[in-house]
Amino acid sequence: MHKEELIEQYFSGHISEEAFLQLKTLLEEDDAFKKEFYSQLEIQKAIAQEKQAPLKERLKKLDQKPIRKINWYRYAAAAAILIAIGFIFYRSQPNFEKLYAANFEAYPNVIAPTVRDNGGSEEDEIATAFSYYDNRRYADAASAFEKLYKAKSKDYAFFYYSISLMAMGDTQKSITALENHDWTEPGNYQTISHWYLGLAYLKLQNKEKAKAHLEKVAHTSDPLAKKATELLKKLE
Amino acid sequence: MIEDQYLLDKLKQNDLTALDKAYLTYKKEFFLFARTFSVSDDDIADIYQDTIISLYENVTSGKLNTLTSSLKTYLFAIGRFKLYRQIERNQKASYDEQVIYSSEEVQLFDIDMSEERKALLKNAIRRLGDKCRQILDLYYYKGMTLDEAQQFLHYSTKDVLKNQKSRCLKQLKEFVKKGYA
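Protein sequence lines correspond, in order, to chains L and V. Going by this note's numbering, the letters in the first sequence line up with residues 45 to 280, in that order. Going by this note's numbering, the letters in the second sequence line up with residues 616 to 796, in that order.
Structure follows, in structure tokens:
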């Protein structure tokens with residue numbers, strides 16, 4: 045394909061995979077072409093930034109809390125209810141089920157957020173498993189990941205298999221799976237597994253085991269450490 | 616998926632409340648996902664906003680018509696490329712000039728520009744005539760092909776438009792050069 049056509053296709057956003065790769069190769073091989081394309085990317089970036097500024101402001105505003113008229117009656121009523129709830133829970137056990145619900149969140153799919161729908165059969169299987177997972181069809185996801193794991197013995201398949209079990213409510217099975225697994229790359233999954241094991245035991249009202257797992261998370265530098273510490277405080 | 620497509624259709628009609636909704640719906644999950652990378656919360660917020668804006672632009676330019684995955688998956692794929700780019704930027708003290716980064720997954724090229732360079736270019740673009748600005752806009756931002764732009768702007772032939780576009784770029788380059796002087 046002609047160079048100019050490749051550029052036009054790229055900026056139109058409708059570029060085939062093949063043409064994209066062709067463009068990429070051309071950029072590696074042809075210095076003059078690369079220089080020209082680079083300056084066009086600069087122009088695109090400058091125009092885009094200018095155009096995007098109002099949208100960016102709009103989204104930033106969404107992050108700020110909406111300002112509402114203060115309705116003191118409503119606040120007083122809410123406060124009264126909160127105090128009442130406080131009394132009920134005072135000196136009582138923390139509500140494990142609620143803590144679980146507030147903290148459990150299926151781990152994000154960081155493996156295959158593929159946009160394309162191509163590839164061989166193995167890629168297909170991975171994509172299928174993750175699409176079940178992304179669409180919260182956890183029972184289907186669990187069996188798809190289990191199958192994947194049996195075929196490939198990959199850590200991630202096992203991990204998402206266990207999380208799918210937990211998300212579909214099969215807590216005990218998920219615990220057994222996670223507790224008996226040896227990770228090939230513990231660095232990636234060990235801490236996150238402890239977090240989920242902590243939550244799972246919480247759901248089963250087993251405070252001691254929940255704490256033991258959460259402690260292990262709290263003492264790491266993982267982003268989950270903060271959440272684990274907070275949760276531990278609530279369990280005291 | 617059906618809801619996702621509904622949201623997409625709303626976006627196509629330029630309904631910005633749909634954009635707000637997408638932004639708020641996936642924000643928490645995106646942060647959870649992004650925090651597994653070593654990127655600051657401020658940067659994550661910035662990247663997430665840009666990701667949502669990319670979604671909007673891809674929909675309004677017609678690049679994205681129907682989803683082949685969930686909206687979340689689509690957003691995270693774009694976001695992941697931006698996160699990787701941010702990590703690369705953090706590791707460097709200065710900008711590499713003339714380096715073009717690429718992602719085959721989301722079919723994007725990206726470059727690093729200093730704030731000065733951006734300002735210079737924006738100024739130069741502002742100095743162009745209305746006609747040039749419109750052409751560059753349609754081509755580089757709205758994603759129109761030359762054929763589409765020719766029809767939209769009522770040029771007699773594609774070549775006339777092409778020549779006009781080259782003149783605009785040449786003029787822009789001169790303004791940029793002068794800006795440095």
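Using N, Cα and C, we set each Cβ at its ideal position, and we do this for glycine too. Just so it is clear, the structure is predicted and the values come from calculations on it, not from any experiment.
Would you verify that the beta carbon of residue i is, or is not, closer than 8 angstroms to some beta carbon of chain V?
i, result
"Glu52 of chain L", "yes"
"Ala201 of chain L", "no"
"Tyr82 of chain L", "yes"
"Asn139 of chain L", "no"
"Asp161 of chain L", "Caution is warranted here: a pLDDT of 49 is assigned to Asp161 of chain L, below 50, making its placement in the model unreliable, and the coordinate value is therefore given only provisionally. It does: the Cβ of Asp161 of chain L has a partner Cβ on chain V nearer than 8 angstroms."
"Gln88 of chain L", "yes"
"Ala92 of chain L", "yes"
"His58 of chain L", "yes"
"Arg102 of chain L", "yes"
"Thr158 of chain L", "Here the model assigns Thr158 of chain L a pLDDT of 49, short of 50, so the residue's position is not dependable, and the following value carries that caveat. For Thr158 of chain L, the answer is yes, since a Cβ of chain V falls inside 8 angstroms of its Cβ."
"Asp178 of chain L", "yes"
"Ser175 of chain L", "yes"
"Leu71 of chain L", "yes"
"Glu274 of chain L", "no"
As a quick exercise: from the options, pick the residue whose alpha carbon is nearest that of residue i.
i, options, result
"Tyr663 of chain V", "L:Ala97, L:Leu103, L:Ile87", "L:Leu103"
"Thr681 of chain V", "V:Leu622, V:Ser709, V:Glu703", "V:Leu622"
"Tyr54 of chain L", "V:Arg732, V:Ser718, V:Lys773", "V:Ser718"
"His263 of chain L", "L:Leu192, L:Thr235, L:Phe203, L:Ile127", "L:Thr235"
"Glu52 of chain L", "V:Ile740, V:Gly758, V:Gly677", "V:Gly758"
"Asp727 of chain V", "L:Ser187, L:Met45, L:Ala90", "L:Ala90"
"Gln779 of chain V", "V:Lys792, V:Ala764, V:Thr683", "V:Ala764"
"Ala150 of chain L", "L:Arg118, L:Arg181, L:Lys47, L:Lys79", "L:Arg181"
"Gly677 of chain V", "V:Lys642, V:Phe646, V:Asn629, V:Thr772", "V:Asn629"
"Ile740 of chain V", "L:Ala97, L:Phe140, L:Ile87, L:Asp184", "L:Ile87"
"Glu48 of chain L", "L:Phe81, L:Gly57, L:Leu258", "L:Phe81"
"Thr228 of chain L", "L:Phe174, L:Phe77, L:Ala188, L:Lys196", "L:Lys196"
"Ile782 of chain V", "V:Leu768, V:Lys746, V:Thr772, V:Gln766", "For clarity, residue 782 of chain V is Arg in the given sequence; the question names Ile instead. Comparing Cα-Cα distances from Arg782 of chain V to each of V:Leu768, V:Lys746, V:Thr772, V:Gln766, the minimum goes to V:Lys746."
"Ser669 of chain V", "V:Leu776, V:Leu787, V:Val721, V:Leu743", "V:Val721"
"Thr69 of chain L", "V:Lys777, V:Asp752, V:Tyr716", "V:Tyr716"
"Ala92 of chain L", "V:Leu768, V:Leu751, V:Ser655, V:Leu679", "V:Leu751"
"Ser60 of chain L", "L:Met45, L:Asp74, L:Glu73", "L:Met45"
"Leu686 of chain V", "V:Glu789, V:Tyr770, V:Gln620", "V:Gln620"
Do we get a CB-CB distance below 8 angstroms when we pair residue i with the residues of chain L?
i, result
"Tyr816 of chain V", "The structure shown does not extend to residue 816 of chain V, since chain V is modelled only from 616 to 796, so the question has no answer here."
"Asp752 of chain V", "yes"
"Gly794 of chain V", "no"
"Arg782 of chain V", "no"
"Asn680 of chain V", "no"
"Glu719 of chain V", "yes"
"Asp624 of chain V", "no"
"Glu592 of chain V", "One cannot answer for residue 592 of chain V here, as it falls past the ends of chain V, which runs 616 to 796."
"Gln722 of chain V", "yes"
"Gly744 of chain V", "no"
"Lys627 of chain V", "no"
"Arg650 of chain V", "yes"
"Asp656 of chain V", "no"
"Asp635 of chain V", "yes"
"Asn673 of chain V", "yes"
"Thr666 of chain V", "no"
"Thr760 of chain V", "yes"
Measuring from the CB of residue i, is there a heavy atom of the ligand HEM at a distance below 7 angstroms?
i, result
"Ile51 of chain L", "Looking at this structure, you won't find the ligand HEM or any other ligand, since it has none at all."
Do residue j and residue i count as a contact pair if the criterion is CB distance below 8 angstroms?
i, j, result
"Phe202 of chain L", "His225 of chain L", "yes"
"Leu639 of chain V", "Leu67 of chain L", "no"
"Asp178 of chain L", "Thr688 of chain V", "yes"
"Asn153 of chain L", "Leu243 of chain L", "no"
"Tyr671 of chain V", "Leu698 of chain V", "no"
"Phe691 of chain V", "Phe648 of chain V", "yes"
"Ala221 of chain L", "Tyr200 of chain L", "no"
"Lys253 of chain L", "Leu276 of chain L", "no"
"Phe140 of chain L", "Lys270 of chain L", "no"
"Gly130 of chain L", "Asn673 of chain V", "no"
"Ala63 of chain L", "Leu71 of chain L", "no"
"Ser684 of chain V", "Ser175 of chain L", "yes"
"Ile207 of chain L", "Tyr240 of chain L", "yes"
"Asp645 of chain V", "Gly694 of chain V", "The sequence as given places Phe at residue 645 of chain V; Asp does not occur at that position. Against a cut-off of 8 angstroms, the Cβ pair of Gly694 of chain V and Phe645 of chain V comes out as a contact."
"Thr651 of chain V", "Pro230 of chain L", "no"
Report, in whole angstroms, the separation of the C-beta atoms of residue i and residue j, which I expect to be a contact under 8 angstroms.
i, j, result
"Leu279 of chain L", "Lys251 of chain L", "6 angstroms"
"Leu209 of chain L", "Lys217 of chain L", "5 angstroms"
"Glu167 of chain L", "Leu192 of chain L", "Between Leu192 of chain L and Glu167 of chain L the Cβ distance is about 11 angstroms, and since that is not below 8 angstroms, they are no contact."
"Lys100 of chain L", "Tyr756 of chain V", "Going by Cβ atoms, the distance from Lys100 of chain L to Tyr756 of chain V rounds to 15 angstroms, so no, they are not a contact pair."
"Lys777 of chain V", "Leu761 of chain V", "6 angstroms"
"Ser79 of chain L", "Gln713 of chain V", "Rather than Ser, the amino acid found at residue 79 of chain L in this sequence is Lys. Rounded, the Cβ-Cβ distance is 7 angstroms, consistent with contact."
"Leu736 of chain V", "Val791 of chain V", "6 angstroms"
"Leu743 of chain V", "Leu787 of chain V", "6 angstroms"
"Leu171 of chain L", "Phe189 of chain L", "The question names Leu, yet the displayed sequence has Ala at residue 171 of chain L. In fact, because the Cβ distance is near 12 angstroms, the residues do not count as touching under 8 angstroms."
Residues of chain C with CB closer than 9 angstroms to the CB of residue i, please, in chain order.
i, result
"Glu166 of chain L", "Note that chain C does not occur in the displayed structure, where the protein chains are L and V."
For a minimum of 4 consecutive residues, which ranges assigned as the alpha helix (DSSP H) are wholly contained in the stretch 727 to 751 of chain V?
730 to 742, 745 to 751
Taking the runs of the alpha helix (DSSP H) that are 4 residues or longer, which of them lie wholly in the stretch 626 to 702 of chain V?
For the stretch 626 to 702 of chain V, the continuous alpha helix (DSSP H) assignments of 4+ residues that do not extend past its boundaries occur at 631 to 649, 656 to 675, in sequence order.
Return the chain-ordered ranges of every beta strand (DSSP E) run that is complete within the stretch 171 to 248 of chain L and spans a minimum of 3 residues.
none
What ranges does the alpha helix (DSSP H) occupy inside the stretch 69 to 133 of chain L, keeping only unbroken runs of at least 4 residues that lie completely in it?
75 to 107, 116 to 133
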